[in-house]
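There are 2 protein chains.
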Amino acid sequence: MNIYDISKKAGVSIATVSRVMNGNASVSEKTRQKILAIIAETDYTPNVFARGLGLNTMKTIGLLCADSSDQFFSRAVYYLERALRASHYDAILSCTGMELETRAEYLKRLLAKKVDAVILVGSSFIEPVASHNQYILDAAAEVPVIILNGYLKAPNVYCALCDDGDIVSQVTSVYLDHGKRDLLLLYRSDSYSGRCKLAGFKNAFAKRGLPLDPRRTVLFNGTIAQARDKLLAVAEQGLFFDTVIAGDDELAIGALKYAKARHLAVPEQFSIMGYNNSQLGVCCEPELSTIDNQLSFCCSNAVAALMSVLNGKPAPAKTMLSANVIQRGTTTLFDTVRESGGL
Amino acid sequence: MNIYDISKKAGVSIATVSRVMNGNASVSEKTRQKILAIIAETDYTPNVFARGLGLNTMKTIGLLCADSSDQFFSRAVYYLERALRASHYDAILSCTGMELETRAEYLKRLLAKKVDAVILVGSSFIEPVASHNQYILDAAAEVPVIILNGYLKAPNVYCALCDDGDIVSQVTSVYLDHGKRDLLLLYRSDSYSGRCKLAGFKNAFAKRGLPLDPRRTVLFNGTIAQARDKLLAVAEQGLFFDTVIAGDDELAIGALKYAKARHLAVPEQFSIMGYNNSQLGVCCEPELSTIDNQLSFCCSNAVAALMSVLNGKPAPAKTMLSANVIQRGTTTLFDTVRESGGL
DNA sequence: GCTCTATATGTAAGCGCTTACATTTATTAT
DNA sequence: ATAATAAATGTAAGCGCTTACATATAGAGC
Chain V
23 MNIYDISKKA GVSIATVSRV MNGNASVSEK TRQKILAIIA ETDYTPNVFA RGLGLNTMKT
83 IGLLCADSSD QFFSRAVYYL ERALRASHYD AILSCTGMEL ETRAEYLKRL LAKKVDAVIL
143 VGSSFIEPVA SHNQYILDAA AEVPVIILNG YLKAPNVYCA LCDDGDIVSQ VTSVYLDHGK
203 RDLLLLYRSD SYSGRCKLAG FKNAFAKRGL PLDPRRTVLF NGTIAQARDK LLAVAEQGLF
263 FDTVIAGDDE LAIGALKYAK ARHLAVPEQF SIMGYNNSQL GVCCEPELST IDNQLSFCCS
323 NAVAALMSVL NGKPAPAKTM LSANVIQRGT TTLFDTVRES GGL
Chain A
23 MNIYDISKKA GVSIATVSRV MNGNASVSEK TRQKILAIIA ETDYTPNVFA RGLGLNTMKT
83 IGLLCADSSD QFFSRAVYYL ERALRASHYD AILSCTGMEL ETRAEYLKRL LAKKVDAVIL
143 VGSSFIEPVA SHNQYILDAA AEVPVIILNG YLKAPNVYCA LCDDGDIVSQ VTSVYLDHGK
203 RDLLLLYRSD SYSGRCKLAG FKNAFAKRGL PLDPRRTVLF NGTIAQARDK LLAVAEQGLF
263 FDTVIAGDDE LAIGALKYAK ARHLAVPEQF SIMGYNNSQL GVCCEPELST IDNQLSFCCS
323 NAVAALMSVL NGKPAPAKTM LSANVIQRGT TTLFDTVRES GGL
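Chains as they are written, first to last, in this note's numbering: chain V, 23 to 365; chain A, 23 to 365.
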């Protein structure tokens, strides 16, 4: 069943059929209805390849993710996919590892599939060394690139993120202003977001003229159990800390396990702030206080910006949301701004 | 940069270039090398649309998921994507809701994109009423359909799953054989897997000639907190239970929260078995005993079967793995068979 | 050296669409 | 009614590939 079959049945030329399929040129209402009826009845679907060949698009968006089985990723992909689908685009998923080479290669592969745009899911794609981001710029030369939860200033690159640095600075400030000094920032290395969190943490100390022992910023990548062990090791080195601000909920739960291992009462003797408001946070006991980074909104913003760009309209190069603290059982000093739905 | 440009530079016809791109017809080694060199140097990539038009494939596989932000899904998608990519296929992701209509529509949309096959991720796609599965059969008439974690006997449908019924039966049997009688099965309704678990549970009682109060099989769909409340309600109705076998780790953690709410010591007074071996299980305290359904292997099996089919080789209509119990802190009666890596 | 076969390459016809341009038909103004 | 204009439709040329078939070249056997 192709466009010729339809045109024959309708007694018109294929051009007319094409016109009603695309709805951009004028067709008389009568023939339009007739053709529409035939299309409905025969269940005709235009061949994407032929269409793609003519229009040079298949209405798909590439989603490039680093490691994907984690909480952040799976929710992001979910939200993005829903938003894209609502805009009549499909998502091609590509999960790279962390190595630069793989990323560049997978990105190219996505472009070879003629995606209309690429969304980089997660901030781990952005390297501090500018030259390492060349592969992103290369992609942006071909199609719009959207970065979720990261920021890179470049032509044809659009970023939707939440102000990780600011919220960490705020949270740190609350602790400091309550006289707490023995804070620890436990964050993952390899991401733009991680670097913002570090900056926010440092900034809160600096603004108050307080010294910051570099051992209090712990860059760490690993599982929950490994995070616990890491903290045990840090404590064993003689550093005292009674507060952990974590880069994500996994690390925060690692901190919670550390507190359990040390028989520290949470939140009375030991305070923990998570990040991401993931499902993990409501599994533990006490439940995790965490920072809601508005992932769902970030994703809508990202897709909204993308749709603007694809329709030739202007879009902000950066949309930044502010994060909220959700206080549950592992902290005492905060007011919950609000729980955003979802969990 | 298209095939004509390459052919010009190489001083050959486009057919020859095409032949080296596809590597199926004979080309002299000399010209092959020359063309390969030019391709490498010009960074030429054949146009997928033109290629698709000729070959009627773009090497993509559709992944249809129900609700996707959950633990099971995100891991499944991750494993599948990796396996597909390794086989030089890309994954188009489509997350449907639970409604039949949406599923059928999204499946069609996937087929319209000319995917080479469809993988139904999760067993919720299979309805007990046979006629409701017509949309799957329709799809199978066009392309191979793979079902992950579910079973449907039909032409061109291939299933990779784990024997949920058997493991639940085994686990239930262990409890029963230790004289435990006050068991509760807490499972989600809407899936093939859920129905298998129910059957396994019942079966263990039946084999021993033990009566089973129907209130002991609780069909429930909801969040962790809702699961806790549900169990509180069940207890309030006057049903005593000291063991919960859960359909997934979320429900199990709900049961754990129930035990906490009732001040029941876990595992001494109250025993809980989770399902899926998700990350949630290591967040709580005590950590969750759970059933490892070998998701990673299921996914490799699914993709392996698919690749066979796509290459015209025979593939088993059903590959079924057996599950393992992983005993952690919420049970006492089991031996861990082995932890399969990943978490 | 010549025929016969195998191997290498070229030619050209699609694949199913979109769309610029040409043509026909309907509408409006005069 | 008729010319001028707008709207509707048709014609045909791509889009960039694959591949059946035709042709040319090389290798083998005698």
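Cβ atoms here follow ideal geometry from the backbone N, Cα and C, with glycine treated the same way.
Only Q93, F95, S96, R97, V99, Y100, Y101, E103, R104, R107 from the region 93-111 of chain V bring a Cβ to less than 9 Å from some Cβ of chain A. At a cut-off of 8 Å between beta-carbon atoms, Q301/A makes contact with chain V. Between F319/A and chain V, the shortest Cβ-Cβ separation is not below 8 Å. Listed in chain order, the non-local C-beta contacts of S35/A below 7 Å within the same chain comprise S29, local neighbours out to five positions each way being set aside. For A105/A, same chain residues with a beta-carbon under 7 Å away, outside a window of 5 residues either side, are C321, S322, V325 in chain order.
Counting only runs of 3+ residues, the beta strand (DSSP E) found wholly inside the region 74-115 of chain A occupies 82-87, in chain order. Taking CB atoms only, V70/V has a neighbour in chain A less than 8 Å away. The region 81-88 of chain V and the region 116-127 of chain V touch, with three or more beta-carbon pairs separated by less than 8 Å.
Distances from the alpha-carbon of Q316/A to those of G269/A, M329/A, S300/A, G45/A put S300/A closest. Under the three-state reduction of DSSP output, I294/A falls in the strand class. Only residues of its own chain outside the window of five on either side were considered, and among them T64, Y66 have a CB closer than 8 Å to the CB of D27/A, listed in chain order. Neighbours of E307/V in chain A, taken as residues at a C-beta separation under 7 Å, are given in chain order as K282, C306, E307. With 16 or more other Cβ atoms from the protein chains shown falling within 10 Å of its own Cβ, G296/V counts as buried.
Scanning chain A for C-beta atoms nearer than 7 Å to the C-beta of T67/V yields A134, reported in chain order.
Bounds of any alpha helix (DSSP H) do not take in Y173/V, whose DSSP letter is neither H nor E. Annotation: Cβ neighbours of C117/V in chain A (cutoff 7 Å, chain order): Y100, E103, R104.
The beta carbon of D188/A sits closer than 7 Å to the beta carbons of G222, S344 from its chain, once the five residues preceding and following it are set aside; these are given in chain order. One Cα belongs to L355/A, the other to T79/A, and the distance between them is close to 52 Å. Judged by DSSP in its simplified three-state form, M23/V adopts coil rather than helix or strand. A277/A is not a Cβ neighbour of A247/A, given a cutoff of 8 Å.
Listed in chain order, the non-local C-beta contacts of R125/V below 6 Å within the same chain comprise T118, local neighbours out to five positions each way being set aside. A Cβ-Cβ separation of about 5 Å places N298/V in contact with D271/V under the 8 Å criterion. Contact residues of the region 263-283 of chain A toward chain V are D271, E272, I275, L278, K279, K282 (C-beta to C-beta distance below 9 Å). It is roughly 28 Å from the alpha-carbon of S215/V to the alpha-carbon of Y111/V. G144/A counts as buried, since at least 16 other C-beta atoms from the protein chains shown sit within 10 angstroms of its C-beta. Interface with chain V (8 Å Cβ-Cβ cutoff): A113/A is included. Of L261/V, R217/V, Y101/V, P236/V, the smallest CA-CA separation from V151/V is found for R217/V. For L208/A, the enclosing beta strand (DSSP E) covers residues 205-209. Sequence-distant Cβ neighbours of M329/A in its own chain, meaning closer than 6 Å and more than five residues away, are S109.
Inside the region 249-290 of chain V, DSSP marks whole beta strand (DSSP E) runs of 3 or more residues at positions 265-268, from first to last along the chain. For H200/A, same chain residues with a beta-carbon under 8 Å away, outside a window of 5 residues either side, are L355 in chain order.
The three-state reading of DSSP puts Y180/V in strand, counting E and B together. In the DSSP annotation of this structure, the continuous segment of the beta strand (DSSP E) that includes V143/A starts and ends at 139-143. Considered as a whole, the region 183-245 of chain V harbours 205-209, 239-241 as its complete beta strand (DSSP E) runs of no fewer than 3 residues, in chain order. Nearest C-alpha to Y197/A among A32/A, D357/A, Q93/A: D357/A. Per the coordinates, the alpha-carbon of A113/A lies some 15 Å from the alpha-carbon of A134/A.
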